[in-house]
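Quick mapping for you: the protein sequence lines, in order, are chains A and B.
For the first sequence, this note's numbering puts the final residue at 232, and the numbers step up evenly by one.
For the second sequence, this note's numbering puts the final residue at 1636, and the numbers step up evenly by one.
Only one structure is covered here, and it is reproduced in the block below.
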Amino acid sequence: MSGPDPVAQSPIPEVLIETTALEKWYGPHPAVRGLDFKLHAGEFIALFGPNGAGKSTLLRMLAGSLRPTRGEIRFAYGGSDDEHGWRRRIGVLSHQTYLYGQLTAAENLRFYGKLFGLAALEERIDELLTEVGLSNRRDEMVRGFSRGMQQRLALARTLLHRPEMVLLDEPYTGLDPHAARMLRGVLEKLRDGRRTILLVTHNLSQGLELADRVVIQAGGRWVYDRPRSEVEPSTFEQLYGERVGGAV
Amino acid sequence: MDFLRQSLTIARKDLLIEFRSKERAVSMLTFAILVAVVFSFSLDPAVRSRDIAGAMLWVTILFAGMLGLGRSFTLEKEQDALVGVLLTPIGRGALFFGKFLANLALLGGTTVFIYLVFALFFQLDLMAAAAGLALVTLLSVIGFLAMGTLFSAIAASTRLGDTLLPIVLLPLLIPIIFFGATAVQSLIVGRPMDEIAGSIRVLAAFDILFLFVCTVIFGKVVEE
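The following block contains the structure:
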């Protein structure tokens, strides 16, 4: 990303997020169970797990949009109620784009930029639309965009306010090869050793490519958590299968 | 200052989408004309329309408003845009107030249209009491939409959706409907403003109460 980046200039705490006995239940069904972990500044974490493992639920709790049933999430800048501006420091890219189909690409970014209270917004919008290859579609309605184009615009929305932490929930879903390459390129640029990235994916090779910490979640628990340097890609699929109980 | 800026950003976005789709405006205006046509055919010629104009106007405003409110949060559900908005630093109260302002602009315009249609269909002379009617209607619509915006958020998150909205909302609006409709009726039949001063004060009190309570509890409604 070009332009001044506050994350690259400001001091960042060593531990960005710490959870203690974190749990989320939907009625009698547990989605996340007893998670204790720390996310350090600058880490790129790949979080793998089968469907129903509670990965998206964990992401929503980390983003501050879902309250835990039990346990605690401590953010480096204070609570998740945003009194310390946690939401200004986090960006979320999900399979849902959070975009309005009846607004243009630029209008969608302008709307979100105003909610973040961003200065020099028009320059930032131009910069991001160029970055995701949509500068020539800036004044077209989003409802006319392909799935890949919408996801690229959603990526621009995610990065609009230059978040310190980026949460990515299956961001490659529905992307064509060109869009997937573009996303990978952007993620590589974001991986600057200061920005924390948590990537949730089913795709083992895509996750292992960029990660420097590998986590497997199954049944709401972290059943594997190792530095990427200790992971052997050729045997990881077998290990993954064993850890999730043959659910691959 | 942030509160107002964020609220206006939400309201502007809602109105821009409505300006392009015209979904809500078309259904509300069409509904208003149809109700006026139905009343004009079904009224006994012996009944003077000005004697029941308050009730006719209120039935139309209320259900036209319900039609618009039903769609208020539906557009936020497509692509989970509401989640995206909740992930920004916007205050939940500002989000509520922004949605309320957009609904107010939409129903405000529709209400002016309803008055014009009914004046035309039933030869009502509304000009003499125009200022009083504008004040009473505005106060009534504010209270209606404060509750309506909150309950449309609740209804949108349930399977019953639009069906649930009038069922839960109408009983809570009885004070607003009672004081609003009787005050409008008094003004149409030519009673002086002094006579409805009490109704105006009660409506203003309900508006403040509803706006305050709904702004405070809206955050709890949308966050889970």
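Beta carbons: idealized from backbone N, C-alpha and C, even for Gly.
With DSSP as the reference, identify every bridge partner of residue i, one or two as the case may be.
i       : result
A:P14   : A:W9
A:L183  : A:A30, A:L152
A:T88   : A:M125
A:A202  : A:R205
B:A1525 : According to the sequence shown, residue 1525 of chain B is Phe rather than Ala. BP columns for B:F1525 are empty, so no partner.
A:T3    : A:F21, A:I57
B:R1381 : Here chain B covers residues 1413 to 1636 and nothing more, so residue 1381 of chain B does not appear.
A:I74   : A:M149
A:P52   : A:P52 is not bridged to any residue.
A:P211  : A:R197
Is it true that the CB of residue j sits closer than 9 Å to the CB of residue i?
i       : j       : result
B:V1553 : B:I1612 : no
A:L151  : A:G75   : yes
B:T1627 : B:F1509 : yes
B:L1516 : B:L1551 : no
B:L1562 : B:I1629 : yes
B:L1533 : B:V1449 : Going by the sequence as given, residue 1533 of chain B is Phe instead of Leu. Going by C-beta atoms, B:F1533 is nearer than 9 Å to B:V1449.
B:G1555 : B:F1622 : yes
A:L99   : A:V116  : no
A:Q80   : B:Q1491 : yes
A:L31   : A:P155  : no
B:A1423 : B:L1513 : yes
A:E106  : A:R94   : yes
A:L6    : A:L50   : no
B:V1497 : A:Y224  : no
A:D196  : A:S218  : no
B:L1518 : B:M1440 : yes
Examine the ligand SAM and report whether any of its heavy atoms sits within less than 8 Å of the Cβ of residue i.
i       : result
B:I1620 : For the ligand SAM, the structure offers nothing, since it holds no ligand at all.
Check whether chain B comes within 9 Å of residue i, counting only Cβ atoms and requiring the distance to be less than that.
i      : result
A:V232 : Residue confidence is low: A:V232 scores 42 on pLDDT, short of 50, so the model does not pin down where it sits. Its coordinate-derived value is still stated next. It does not; no Cβ of chain B falls within 9 Å.
A:I1   : no
A:S130 : no
A:E56  : no
A:T157 : no
A:L83  : yes
A:R71  : yes
A:A15  : no
Is there a C-beta anywhere in chain A that falls below 9 Å from the one on residue i?
i       : result
B:R1432 : yes
B:V1553 : no
B:E1607 : no
B:G1560 : no
B:G1353 : No answer is possible for residue 1353 of chain B: the residues shown for chain B start at 1413 and end at 1636.
B:L1656 : For residue 1656 of chain B there is no data in the structure shown, the boundaries of chain B being 1413 and 1636.
B:K1425 : yes
B:L1499 : yes
B:Q1535 : no
B:D1492 : yes
How would you label residue i, buried or exposed, when you count the other beta carbons within 10 angstroms and need 16 or more for buried?
i        : result
A:Y84    : buried
A:M166   : buried
B:A1444  : buried
A:S(-14) : In this prediction, A:S(-14) has a pLDDT of 47, which is less than 50 and means its spatial position is unreliable; what the coordinates show is noted afterwards. So A:S(-14) counts as exposed.
B:R1436  : buried
A:R210   : exposed
A:L161   : Looking at the sequence itself, residue 161 of chain A is Pro, so the reference to Leu does not match. Its Cβ having fewer than 16 others within 10 Å, A:P161 is exposed.
B:R1460  : exposed
B:S1452  : exposed
B:R1571  : exposed
B:T1472  : buried
B:D1537  : exposed
B:K1632  : exposed
B:Q1597  : buried
Measuring only the C-alpha atoms, how far is residue i from residue j?
i       : j       : result
A:R72   : B:K1425 : 21 Å
B:A1540 : B:G1602 : 8 Å
A:W9    : B:F1431 : 41 Å
A:G48   : A:G38   : 16 Å
A:N92   : A:G33   : 32 Å
A:A104  : A:H145  : 11 Å
A:T3    : A:T53   : 13 Å
A:M133  : B:A1593 : 51 Å
A:T114  : A:L174  : 16 Å
A:N35   : A:T88   : 33 Å
B:S1523 : A:A60   : Looking at the sequence shown, residue 1523 of chain B is not Ser but Thr. In a straight line, the C-alpha of B:T1523 is about 50 Å away from that of A:A60.
A:E148  : A:T180  : 6 Å
A:F28   : A:M45   : 18 Å
B:I1429 : B:I1464 : 36 Å
B:F1624 : B:A1617 : 11 Å
B:G1482 : B:I1589 : 19 Å
A:L159  : A:W206  : 28 Å
A:A15   : B:L1507 : 29 Å
B:T1442 : B:D1574 : 18 Å
A:V215  : A:P(-3) : 27 Å
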